[in-house]
Amino acid sequence: MEDDNNVDFHQKLLSIDEKLELEDIESLKFLCSDLITPKTLEGIKSAHQLFQKFMDEDLLNKEDCFLVAELLFLIKQYYLLQNIGYTKEKVLQELSTKGKISSYRVMLYNLSEEVTQLDFEYIKFLMHKDIPKTLTSFLSLLRHMEKQELLSENNLEMLVKVCQPLSSNLTKRISQYKNEKKESENPLEGHVPEQPLSKAQEEKKLSVASGTAESLWEAFAKENTETEQYMMGHRHRGLCLIFNNFQFQTMNFREGSCKDAVELRSVFKWLGFTVTIHDNTTKDEMERILTQCRTNPEHKDSDCFVCCVLTHGESGSVFSSDEKSIAIHDLTSYFMAHQCPGLMDKPKLFFLQACQGMEIQEGVPLEADARNASISPPAPKKIPQRCIPTEADFLLGLATVDGCCAIRNRMKGSWYIQALCHQLKRLVPRKEDILTILTVVNDEVSQQADVKGKIKQMPQPAFTLRKRVIFPVPLDAPPPSKENCFPLE
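Take the sequence shown: its position 384, counting from 1, is numbered 384 in UniProt numbering, and each next residue is one higher.
Dropping the structure here:
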């Protein structure tokens, strides 16, 4: 029985390891820098190896796995907490008494989450005489500064100097850490001994002394959140329509589109949406489906609406399977407030995998989702004004800028949709909003190129959102599984 329990515990840790990416592993290693020697950490390449080291150091066992829960909480992989019997709320409750990661380490990690790639390049330029050119991330820079004794718990001057030109939020976070550290060292300073602490004072004392993420991250975020969030409290998240047009009368067969449709279905089901896929729909069929959807009574008890269109396209429009042009503005107009009152004041998200200009045809397996062939795409333009919804609460995610192609891989699916699904799976558990996620999608797609390194692509979102769209991840929902690509029925 004891062996069975150990096997079960190790399987749970392995299931966590499978869901974490290389970037997550680097974050975990950085947060553990005060618990495991730097030399040992250098040899660790997976979460499983790190967990094994915790067990070797008596920091982790099947009766006490709080350290893993704390780390998952700090890197915002909340949905993985259920694998070891934790929730976000339970971690917060136990953090003051069981927390092992220092407030100093948490502060540095949270700084790294705010520093953009552009910020990092600026810092590298600023410190070019003190740091090697091989550093690739802000976390690696922090590790180097610690090795060179330019940074420590009691030596933050260089860090402040580096962060000051970038953002007042960064220096404010460092100041908050200093103040809380001072209070934790003198928690009763100015307090009359014979008078008992109030409940609020006691909670603050515990928070400061433990260096909890609530005090260093969430409370700070709450105080500085200028934009509200759309409500995401309904049991039913909403409807998700996927139009997957891959077969046409004369236009090219869109091989690989089914891969996109399957991946979108998996991700949006995971996010709590009711997903329906419509293959090879004519213009009349698309209009009928959209008309039926806008009058669906389920909108009243939902949080959001999503529509994905995978097809050929040209500037400002997409094509039905019978090769009739449908203006993008017409697609979104079905769900304006006067047409669809059930979605009033709720976010309506449209993701379009379709060219917006001349097609580029290259060798297998790259294709472009446009009608006419051309070797060189026209210069990128802004989204045409006619495409942008004129009413609030809409988001339009285009795979490419106006006048350009949207690339699709016959085996792997399109660059844009695959990046969108990948980043939704990675960043939704970290409570990132949809515009932040789409910015990362832009970066991922912009890094791709064809085999010759000549064909590039840049997605472009347009929106009239009034608040942030942050999808909650249901605690009982497993992460999306990878499904095989097959023609959908």
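No residue lacks a Cβ here, since even glycine has one placed at the ideal position from N, Cα and C.
Close beta carbons around glutamate 121, own chain, < 6 angstroms, minus the five adjacent residues each side: Along the sequence shown, one-based indexing puts residue 121 at 121. Excluding sequence neighbours, glutamate 121 sits near nothing in its chain.
From the DSSP output, which residues share a beta bridge with serine 325? Here residue 325 corresponds to residue number 325 of the sequence shown, with the count starting at 1. According to DSSP, serine 325 bridges with Phe319.
Excluding the five sequence neighbours on either side, which residues of its own chain have a C-beta within less than 6 angstroms of the C-beta of proline 461, listed in chain order? One-based indexing of the sequence shown puts residue 461 at position 461. Hits under 6 angstroms: Gly397 and Leu438.
Could you check the C-alpha separation between threonine 436 and leucine 142 for me, to the nearest Å? To locate residue 436, count along the sequence shown from 1; it is residue 436. To locate residue 142, count along the sequence shown from 1; it is residue 142. Cα to Cα, the separation comes out at about 24 angstroms.
Can you tell me whether DSSP reads aspartate 17 as helix, strand or coil? Here residue 17 corresponds to residue number 17 of the sequence shown, with the count starting at 1. Helix, per DSSP.
Expressed to the nearest angstrom, what Euclidean distance is found between the alpha-carbon atoms of lysine 161 and leucine 35? Start at 1 with the first residue of the sequence shown, and residue 161 comes out as number 161. Start at 1 with the first residue of the sequence shown, and residue 35 comes out as number 35. Approximately 28 angstroms, taken between the alpha carbons.
Boundaries of the alpha helix (DSSP H) in which asparagine 179 is found, first to last residue: One-based indexing of the sequence shown puts residue 179 at position 179. First-last of the alpha helix (DSSP H) with asparagine 179: 168-185.
Looking only at its own chain, which residues have a Cβ that is under 6 angstroms from the Cβ of arginine 466, when we skip the five neighbours before and after it? For the purposes of this step, residue 466 is identified with residue 466 of the sequence shown, where counting begins at 1. Around arginine 466: Ala392.
In this structure, what does DSSP give as the bridge partners for asparagine 464? Here residue 464 corresponds to residue number 464 of the sequence shown, with the count starting at 1. Here the sequence assigns threonine to residue 464, which means asparagine is not the residue at that position. Bridge partners of threonine 464: none, in fact.
Buried or exposed, going by whether 16 or more other CB atoms sit within 10 Å of the CB of serine 317? Position 317 of the sequence shown, counted from the start, is the residue given in the question as residue 317. Burial call: buried.
Does DSSP put arginine 105 in a helix, in a strand, or in coil? Within the sequence shown, residue 105 is the residue found at index 105, counting from 1. Of the three classes helix, strand and coil, the one that applies to arginine 105 here is helix, per DSSP.
Mind checking whether aspartate 260 and serine 446 have CB atoms under 8 angstroms apart? Working through the sequence shown from its first residue, we reach residue 260 at position 260. Working through the sequence shown from its first residue, we reach residue 446 at position 446. The answer is no: Cβ separation not under 8 angstroms.
Pull up the DSSP beta-bridge partners for leucine 310, would you. Position 310 of the sequence shown, counted from the start, is the residue given in the question as residue 310. Bridge partners of leucine 310: Asn244 and Gln353.
Taking 6 angstroms as the limit between beta carbons, can you name the residues of its chain near glutamine 77, skipping five residues before and five after? Along the sequence shown, read from residue 1 onward, the residue named residue 77 stands at position 77. Excluding residues within five positions, the ones whose Cβ falls inside 6 angstroms are Pro429.
Whole-angstrom C-beta distance between leucine 159 and leucine 166, which should lie under 8 angstroms: In the sequence shown, the residue the question calls residue 166 occupies position 166. In the sequence shown, the residue the question calls residue 159 occupies position 159. 11 angstroms between Cβ atoms; not a contact.
So, is glutamine 423 buried or exposed, given that buried needs 16 or more other C-beta atoms within 10 angstroms? Locating residue 423 in the sequence shown gives position 423, where the first residue counts as 1. Buried is the call here.
I need the boundaries of the beta strand (DSSP E) containing asparagine 409, first residue and last residue. Indexing the sequence shown from 1 puts residue 409 at position 409. It spans 407-409 - the beta strand (DSSP E) in which asparagine 409 sits, taken as one unbroken run.
Express the C-alpha separation of leucine 126 and glutamate 114 in angstroms, rounding to a whole number. Position 114 of the sequence shown, counted from the first residue, corresponds to residue 114. Position 126 of the sequence shown, counted from the first residue, corresponds to residue 126. Rounded to the nearest angstrom, the two C-alpha atoms are 18 angstroms apart.
Aspartate 58, buried or exposed, once every other Cβ within 10 Å from all chains shown has been counted against 16: One-based indexing of the sequence shown puts residue 58 at position 58. Aspartate 58 should be labelled exposed.
Pull up the DSSP beta-bridge partners for threonine 276, would you. Along the sequence shown, read from residue 1 onward, the residue named residue 276 stands at position 276. Note: threonine 276 sits in a beta bridge opposite Leu241.
Residues in its own chain within less than 7 angstroms of aspartate 17 by CB, not counting five upstream and five downstream? On the sequence shown, position 17 is the one that residue 17 refers to. So the qualifying residues of the chain are Ser46, Ala47 and His48.
Identity of the residue in Val68, Asp119 and Lys12 nearest lysine 100 by Cα: One-based indexing of the sequence shown puts residue 100 at position 100. It is Val68 whose Cα lies nearest to the Cα of lysine 100.
Could you check where the alpha helix (DSSP H) with leucine 92 kicks off and where it finishes? Taking the sequence shown and counting its residues from 1, one reaches residue 92 at position 92. Taken as a continuous stretch (DSSP letters only), the alpha helix (DSSP H) holding leucine 92 covers 88-98.
Tell me which residues share the same chain as leucine 14 and place their Cβ nearer than 8 angstroms to its Cβ, disregarding the 5 neighbours each side in the sequence. Locating residue 14 in the sequence shown gives position 14, counting from the first residue. Excluding positions up to five away in sequence, the list reads His48.
On the premise that leucine 20 lies in contact with serine 33, defined as a C-beta separation below 8 angstroms, what is that separation, rounded to the nearest angstrom? Translated into positions along the sequence shown, residue 33 becomes position 33. Translated into positions along the sequence shown, residue 20 becomes position 20. Wrong, their Cβ atoms sit about 18 angstroms apart, outside the cutoff.
So what does DSSP say about glycine 85, is it helix, strand or coil? Looking up residue 85 in the sequence shown gives position 85. Coil at glycine 85, not helix or strand.
Helix or strand or just coil, what does DSSP make of lysine 259? As a working note, residue 259 is residue 259 in the sequence shown. Reduced to three states, the DSSP call for lysine 259 is helix.
Helix, strand or coil for cysteine 32? Go by DSSP, reduced to three states. Locating residue 32 in the sequence shown gives position 32, where the first residue counts as 1. Correct three-state label for cysteine 32: coil.
Touch check for the segment 302-317 and the segment 340-357: three-plus C-beta pairs under 8 angstroms? yes
Cut-off 6 angstroms between Cβ atoms - residues of its own chain near arginine 254, not counting five sequence neighbours on either side: Along the sequence shown, read from residue 1 onward, the residue named residue 254 stands at position 254. Excluding positions up to five away in sequence, the list reads Phe246.
Determine the closest residue to glutamine 418 out of Gly256, Ser333 and Phe51, with distance taken between C-alpha atoms. Translated into the one-based positions of the sequence shown, residue 418 becomes position 418. Comparing Cα-Cα distances from glutamine 418 to each of Gly256, Ser333 and Phe51, the minimum goes to Gly256.
Give me the residue from Gln229, Phe138, Ser102 and Ile131 with the minimum Cα distance to glutamate 180. Indexing the sequence shown from 1 puts residue 180 at position 180. Residue Ser102 is the option with its Cα nearest to glutamate 180.
Hey, how far is the Cα of isoleucine 123 from the Cα of lysine 29? One-based indexing of the sequence shown puts residue 123 at position 123. One-based indexing of the sequence shown puts residue 29 at position 29. Straight-line Cα distance between these residues: approximately 22 angstroms.
If you drop the 5 nearest sequence neighbours on each side, which residues of the same chain put their C-beta closer than 7 angstroms to that of leucine 170? Reading the sequence shown from its first residue, position 170 is the one you call residue 170. Cβ within range, chain order: Leu111, Glu114 and Cys163.
With distances taken between CB atoms, is the gap from cysteine 65 to isoleucine 84 smaller than 8 angstroms? Looking up residue 65 in the sequence shown gives position 65. Looking up residue 84 in the sequence shown gives position 84. Against a cut-off of 8 angstroms, the Cβ pair of isoleucine 84 and cysteine 65 comes out as a contact.
Sequence-distant residues of its chain with Cβ nearer than 8 angstroms to histidine 278 (five each side left out): On the sequence shown, position 278 is the one that residue 278 refers to. Excluding residues within five positions, the ones whose Cβ falls inside 8 angstroms are Leu241, Ile242, Phe243, Asn244, Glu285, Met286 and Ile289.
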